[in-house]
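J.:
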Amino acid sequence: MKHPVPTVAAVHDLSGVGRCALTVAIPVISAMGLQVCPAPTACLSAHTGFAGSHRLETVDLSDYLARQLSAWNQMGLKFDCVYTGYLGSPRQAAVIGAFLEEQNQAVKLVDPVMGDDGRLYSGLTPEMIQAMARLAEKATLITPNMTEYAALAGEEYSLRPRSAAEIEAMLGRLECPMAVITSVPFEGGLCNACRDEAGRVQILPFTPVARHYPGTGDIFASVLAAALTRGQSLAQGVVLAADFVKYAISISAEVALDENYGVQLEAALPMLLEART
Ligand code: PXL
Numbered sequence: 007m008k009h010p011v012p013t014v015a016a017v018h019d020l021s022g023v024g025r026c027a028l029t030v031a032i033p034v035i036s037a038m039g040l041q042v043c044p045a046p047t048a049c050l051s052a053h054t055g056f057a058g059s060h061r062l063e064t065v066d067l068s069d070y071l072a073r074q075l076s077a078w079n080q081m082g083l084k085f086d087c088v089y090t091g092y093l094g095s096p097r098q099a100a101v102i103g104a105f106l107e108e109q110n111q112a113v114k115l116v117d118p119v120m121g122d123d124g125r126l127y128s129g130l131t132p133e134m135i136q137a138m139a140r141l142a143e144k145a146t147l148i149t150p151n152m153t154e155y156a157a158l159a160g161e162e163y164s165l166r167p168r169s170a171a172e173i174e175a176m177l178g179r180l181e182c183p184m185a186v187i188t189s190v191p192f193e194g195g196l197c198n199a200c201r202d203e204a205g206r207v208q209i210l211p212f213t214p215v216a217r218h219y220p221g222t223g224d225i226f227a228s229v230l231a232a233a234l235t236r237g238q239s240l241a242q243g244v245v246l247a248a249d250f251v252k253y254a255i256s257i258s259a260e261v262a263l264d265e266n267y268g269v270q271l272e273a274a275l276p277m278l279l280e281a282r283t
């Protein structure tokens, strides 16, 4: 008998325009051969990066999310991975935290989606930082970028290059069995800094790319969630995720479109199908 396709509960917002959150988690994780079960935290007409230039319509789904997760518990569902991202309200952290406690068999990836480039996303409050920090305590892996790391660690955001010893100390400030801090300035370039479940620290340098697209953090964490669920190591997952994001950006660079619309993900997905074989 064959095993069934592994399942990933994806707890993120559904932004209609600007590839991010569920609209990248579903295709990326599916392409990697796992089933995605979405639990939407909020609906937005477009992600918050459009807020400065366009009217946004949003619905917070906190009440609905609590009902959906409770229904899933009643169904007795046990997921291979629970992967969470952008939250619609601070109180969702408690609801999702209780759900994570019911899912002890799962890889629990909490991506503390709160900001980028030293700025918190539009509408994000100090209460949300507290709530996200509490949720992160229940994870097996967290994946903050430098902005989110600073918010969680209570440090000033800074892009000053870090030594290997400083990177190890940064990872030490994150109380989670595994942690990846993305895009840490290191030796004139950038690295993804990882600490695995054995406490091993790995510094994985990569070549920075000039353009910045919202949603690439969600693509990175989606690849990593799928890789870990498939049984790959943290370092293998991080390398595949970084390579895929780099490829997606490279094929998007010549497209004349506001970066807010995100990378040309659909054109990049075949790379993930090839990585399965
Ligand atoms: O990609 C992160 C993200 C997720 N969800 C929403 C966002 C953003 C970034 O702007 O606005 C709603």
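Offset between the sequence shown (1-based) and the working numbering: plus 6. Beta carbons are placed, not taken as given, at the ideal position from N, Cα and C, and that holds for glycine. Every value quoted in this text rests on a predicted model; they were computed, and no experiment measured them.
Taking the straight line between their C-alpha atoms, what separation do you get for I35 and H60?
T.: Residue mapping note: residue 35 aligns to position 29 of the sequence shown, counting from 1. Residue mapping note: residue 60 aligns to position 54 of the sequence shown, counting from 1. Here the alpha carbons of H60 and I35 stand approximately 30 Å from one another.
J.: How is M38 classed by DSSP in three states: helix, strand or coil?
T.: The count along the sequence shown starts at 1 and reaches residue 38 at position 32. Coil.
J.: Say yes only if the C-beta of A171 is nearer than 6 Å to one or more non-hydrogen atoms of ligand 1, and no if none qualify.
T.: Along the sequence shown, read from residue 1 onward, the residue named residue 171 stands at position 165. No, Cβ of A171 sits at least 6 Å from all heavy atoms of ligand 1.
J.: Can you round the beta-carbon distance between T153 and L230 to whole angstroms, since I take them to be within the 8 Å contact cut?
T.: Working through the sequence shown from its first residue, we reach residue 153 at position 147. Working through the sequence shown from its first residue, we reach residue 230 at position 224. So it is not a contact: roughly 18 Å between Cβ atoms.
J.: Using DSSP bridges, identify the partner residues of M184.
T.: Looking up residue 184 in the sequence shown gives position 178. L147.
J.: Please say whether S51 and G22 have beta carbons closer to each other than 7 Å?
T.: Indexing the sequence shown from 1 puts residue 22 at position 16. Indexing the sequence shown from 1 puts residue 51 at position 45. Taking 7 Å as the Cβ cut-off, G22 and S51 qualify as a contacting pair.
J.: In the DSSP assignment, find the alpha helix (DSSP H) that holds R73 and state where it starts and stops.
T.: Here residue 73 corresponds to residue number 67 of the sequence shown, with the count starting at 1. S68 to Q80 is the extent of the alpha helix (DSSP H) around R73.
J.: Can you name the start and end residues of the alpha helix (DSSP H) that G194 belongs to?
T.: For the purposes of this step, residue 194 is identified with residue 188 of the sequence shown, where counting begins at 1. Premise fails: G194 is in no alpha helix (DSSP H) and is neither H nor E.
J.: Please specify which runs of the alpha helix (DSSP H), each continuous and at least 4 residues long, are wholly inside the stretch 98 to 186, giving them in chain order.
T.: 98 to 108, 132 to 142, 152 to 159 and 170 to 178
J.: Do A48 and G121 have their C-beta atoms within less than 7 Å of each other?
T.: As a working mapping, residue 48 is identified with position 42 in the sequence shown. As a working mapping, residue 121 is identified with position 115 in the sequence shown. It is not a contact, given that the beta carbons lie outside the stated cut-off.
J.: Given D86, which residues of its chain have a CB within under 8 Å of its CB, disregarding the five upstream and five downstream residues?
T.: In the sequence shown, residue 86 corresponds to position 80, counting from 1. Correct list, in chain order: P12, T13, V14, L40, Q111, A112, V113 and T235.
J.: Run the CB neighbour count on P118, radius 10 Å, all protein chains shown included, and call it buried at 16 or more, exposed below.
T.: As a first step, residue 118 is located in the sequence shown; it is residue number 112 there, counting from the start. That one is buried.
J.: What separation, rounded to the nearest whole angstrom, lies between the Cα atoms of A175 and M7?
T.: As a working note, residue 175 is residue 169 in the sequence shown. As a working note, residue 7 is residue 1 in the sequence shown. Looking at the two C-alpha atoms, the distance is approximately 47 Å.
J.: Among the residues of its own chain, which have a CB less than 6 Å from the CB of V116, if the five just before and after it don't count?
T.: By 1-based counting over the sequence shown, the position of residue 116 is 110. Cβ within range, chain order: T90, L141, A142, A145 and I148.
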